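Here the structure comes first, spelled out in structure tokens, and everything after it is commentary.
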Amino acid sequence: MDIKVPDDLWEGDAEGVLTAWLFDTGAKVSEGAIVAEVMTDKVQYEVTAPTGGTLHISAELDALVRRGDVIGSIDAG
Amino acid sequence: MSEENATRKLTIARAMAEAIAQEMRVDERVFVMGEDIAALGGVFGNTRGLADEFGTTRIRDTPISETAFMGAATGAAMDGMRPVVELMFVDFMGVCFDAIYNCMAKNVYFSGGTFKVPVVLMTSTGGGYSDAGQHSQCLYGSFAHLPGMKVVSPSNAHDAKGLMTAAIRDDNPVVFMYHKGLQGMGWLGTEPAAIVPVPEESYTTPIGQASVVREGTDVTIVGLAMGVHHGLRAADQLAERGVSAEVLDLRSLVPLDREAILRSVAKTGRLIVVDEDYRSYGVTGEIIATVAEHDLGLLKANPQRVAYPDVPIPFSRPLEQYCLPNADKIVAAFDAMGG
Amino acid sequence: MQPGRAEKRWMYETMLLSRRYEEAIEKIYLEGKQPRFDMAAGPIPGEMHLSNGQEPCAVGVIAHLDEHDTVTATHRPHHQAIAKGVDLKAMTAEIFGKGTGLSGGRGGHMHLLDPRVNFVCSGIIAQGMGPALGAALSRTLQNKPGVAVSFIGEGAVNQGAFHETMNLAALWKLPLIVVVEDNAWGISVSKKDSTAVERNHVRAAAYGIPGHFVPNNDPIAIYDVAGEAVARARRGEGPTLIEIETDRLAGHFMGDAEQYRPDGEKDALFARDPIPRLRDQMLAAGELEADEVPAIEARVRSRIEEAVAFARESPYPQPTDALKCVFHPPT
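Residue numbers (the working numbering), protein chains in the order written: chain P, 87 to 163; chain B, 1071 to 1409; chain Y, 79 to 409.
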């Protein structure tokens, strides 16, 4: 299942920056765990795991992201 | 320990907040006060989420009244509470230092050890982003110089959580100095090496214990907070030239782990001290003196320091960057020692 | 005390200059900081505290001052600096960190110091109060003309320096005017969460000095009250506290998401923007002709363009200049 920057994370169509991954690729995460932080201006937002499983990171640290962008995935297997 | 637990990483900001939250859950005496710490979660993110969980009775925004709330932290601590109090920028100590160094730091002593003063004073340090001379200082040496306060400064999230937990449980004033550039705030720059795996369960990192973060045999690079990361980068550069550098993260300035410094220098014979605080009368001189008064014979070369020159921190980028420590300056200091 | 036509026109043009200046700075500040907001990046690094909305406080008070009078300002200093006559080119170059700036780039936007017009500011809350007190004391000791004005925010009245300064100024009957720009917010903490006192001018009673409140961010009403206070100070009758209800149209600093503001607050602030309000009053009163408005706008813009061009074209200081000017004389 894809990990997306939630559509309602902030208002407007500003781009954000991925400032932290809190797990590495291959880590087991549970549903709802905070996996990443995204910043717009001086505000940081949390991205949580949509399901439990093995994390795969596709957007690297410092990547520019928009709301709805896929930044990684979780293999529920 | 679950698999997730073993791999989860945190920023220093999150690690500080997690440690405070875990202590607040088990100890009703712990509360937090400071400027912009409740709804905003701290300008540097270190109290994020706490007001939601604990409410604004225990997570208290204060007016801009540092003398009053630093004194209040001391008084509350002496009356049985365990306050965590935030000084937003360490530079602001100027308006409230009497409450800190003449009161908070001395009342254990003045009571012959009968009063406990379990205050954690957390405060941001450091520059590098053109915030000029009233918002960029480190002042590590100023706090460490004055007796009665333990002083810690983490370089990564694991130590930040453990040191914060230890600080809250300590019966003495502990000054917890966090470098803005390591907070994981993004807008202050990101130091990925500060974002490291952090166990979810509560633990302490002993106050007064340094950590060898990279082993080596040719030169010892001693630093704290951001200085550790400069040291690690310098060690990478030196490794390319076949020089094996050991990097020692002090983590605590008071008590200072002098044994760890001596152990490392006894092995390498060369010492470089890195500090973002002012050069004179400070941390770098103390570390070198520690070695010199123990045994000058440990040193194969004159020790070097890479510190902030004795000038107020300038705003303009080329001026500030010229003054700040960095890996290149550490490598140059190594070269200055001769073979 | 009412401003004459010329003074009103100066007030309007100076407010507009300050506003357009900050609009220009705001845009330049974001250069290099979008989409990634990195404070260290772009032609203007560091923090940026805009004074948009607070212009009436600066012009209403400073209209009564000349270059001999001292002003101490805060971390949000542009409107007062401009009204006091700080050189716009040197100030802009300073904000850019250039060698031609007021201090050669050492201070930046929170540390604009200009002895030519007796203006200083500082990044520490309430810090300017003591130095303003000292300037007032020095004037009386030297028998020199001039009064001192300390501009502070409403957050500063909860600092110890406020109480200590007010007490001494009253005791020594010094020519000091303390102006509280109440924009209702100290970063994210509202005034009502900072003090149990509803209106800070009442604190003057604690020192036995006059305290005035000016509602509604009105430059003409500020002019009136400040005129009395400055005249009183010049007569040697002692200090005055003035509290002004003003509006911070921007965030605390640039990059502030202002999530702490109640819904709709920002719209309400812009709806009562003091600059168009004064313009319309002056047009209605015949103190300004409609065809003058674009001319004033053009004049203001040209000054700003000149200052910005100067700042952009100026060289950065030499890195080793960081080590100079710690002591006087500079080496």
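Cβ coordinates follow ideal geometry from the N, Cα and C atoms, glycine included. All values derive from a computational prediction rather than experimental measurement.
Helix, strand or coil for residue i, going by three-state DSSP, please let me know.
i       : result
B/M1071 : With a pLDDT of 41 at B/M1071, under the threshold of 50, the modelled position of that residue is not reliable, and the figure given next carries that caveat. Coil, per DSSP.
B/G1119 : coil
Y/K162  : helix
B/D1380 : coil
Y/Q220  : helix
P/E132  : strand
P/E146  : coil
B/Q1374 : strand
B/P1153 : strand
B/C1393 : helix
B/R1130 : strand
B/E1316 : strand
Y/W88   : helix
B/V1189 : coil
Please identify the residue among the options whose C-alpha is closest to the C-alpha of residue i.
i       : options                               : result
B/M1158 : B/T1081, B/I1134, B/F1385 and B/V1361 : B/I1134
Y/V235  : Y/Q205, Y/L249 and Y/P253             : Y/Q205
B/S1223 : B/H1205, B/P1276, B/G1112 and B/G1256 : B/P1276
B/D1122 : B/D1131, B/A1108 and B/G1112          : B/A1108
Y/V386  : Y/E101, Y/E85, Y/C403 and Y/M89       : Y/E101
B/V1376 : B/E1310, B/G1293 and B/A1315          : B/G1293
P/M113  : P/H142, P/E146, P/A149 and P/D94      : The displayed chain sequence assigns Ala, not Met, to residue 113 of chain P. Per the Cα distances, P/H142.
B/M1148 : B/T1127, B/I1265, B/R1099 and B/T1287 : B/R1099
B/K1231 : B/M1086, B/M1407 and B/V1245          : B/M1086
B/D1398 : B/A1305, B/G1352, B/E1316 and B/V1317 : B/A1305
B/L1233 : B/G1408, B/H1205, B/R1130 and B/S1272 : B/S1272
Y/L319  : Y/H142, Y/D271, Y/I160 and Y/V280     : Y/V280
P/M125  : B/R1078, B/M1255, B/G1111 and B/T1193 : B/M1255
Y/Y394  : Y/S181, Y/E85, Y/A151 and Y/G82       : Y/S181
Y/R154  : Y/K402, Y/C135, Y/W250 and Y/H290     : Y/C135
B/S1314 : B/G1286, B/P1373 and B/A1236          : B/G1286
Y/G201  : Y/G185, Y/A309 and Y/M79              : Y/G185
B/T1137 : Y/Q237, Y/V267 and Y/T324             : Y/Q237
B/F1213 : B/M1192, B/A1227 and B/H1228          : B/M1192
So which residues on chain B does residue i lean against when the C-beta distance must stay under 9 Å?
i      : result
Y/F115 : G1256 and W1257
Y/Y107 : What Y/Y107 touches in chain B: nothing, since even the nearest Cβ is about 12 Å away.
Rounding to the nearest angstrom, what Cα-Cα distance links residue i and residue j in this structure?
i       : j       : result
B/R1239 : B/P1188 : 8 Å
Y/F405  : B/P1382 : 11 Å
B/M1071 : B/A1402 : In this prediction, B/M1071 has a pLDDT of 41, which is less than 50 and means its spatial position is unreliable; nothing more can be read from the coordinates.
B/A1362 : B/T1184 : 36 Å
Y/L356  : Y/E145  : 25 Å
Y/K269  : Y/P352  : 21 Å
Y/A311  : Y/S96   : 27 Å
B/E1270 : B/A1202 : 37 Å
Y/A274  : Y/E321  : 16 Å
Y/G305  : B/F1385 : 36 Å
B/L1308 : B/D1345 : 19 Å
Y/L108  : Y/G120  : 7 Å
B/G1198 : P/K128  : 17 Å
B/E1088 : P/Q130  : 16 Å
Check the Cβ of residue i against every Cβ in chain Y and list those closer than 7 Å, keeping chain order.
i       : result
P/E101  : P113
B/T1137 : G238
For residue i versus residue j, is the C-beta distance shorter than 7 Å?
i       : j       : result
Y/M126  : Y/F331  : yes
B/V1190 : B/V1154 : yes
B/Y1171 : B/L1216 : yes
Y/T243  : Y/L215  : no
B/S1225 : B/A1295 : yes
P/G154  : P/D88   : no
Name, please, each residue of chain Y whose Cβ falls closer than 9 Å to the Cβ of residue i.
i       : result
B/Y1348 : In chain order: nothing, as chain Y lies at least about 11 Å away.
P/L150  : P113 and R114
B/L1110 : I265, S266, V267, Q337 and Y338
B/V1165 : I202, I203, A204, Q205, Q237, G238 and A239
For residue i, return the contacting residues in chain P, with the cut-off set at a CB-CB distance below 9 Å.
i      : result
Y/A335 : W96, T126, D127, K128 and V129
Which residues in chain P sit within 7 Å of residue i, going by Cβ to Cβ distance?
i       : result
B/R1078 : L108 and F109
Closer than 7 Å, CB to CB, is residue i near chain A or not?
i       : result
B/I1265 : The chain inventory of the structure shown lacks chain A, comprising the protein chains P, B and Y.
Report the neighbours of residue i on chain P: residues whose CB is nearer than 8 Å to its CB, in chain order.
i       : result
B/T1338 : The premise fails here: B/T1338 is roughly 32 Å from chain P at the closest Cβ pair, so nothing lies under 8 Å.
Residue i touches chain B at which residues, Cβ-Cβ below 7 Å?
i      : result
P/T105 : G1254, G1256 and T1260
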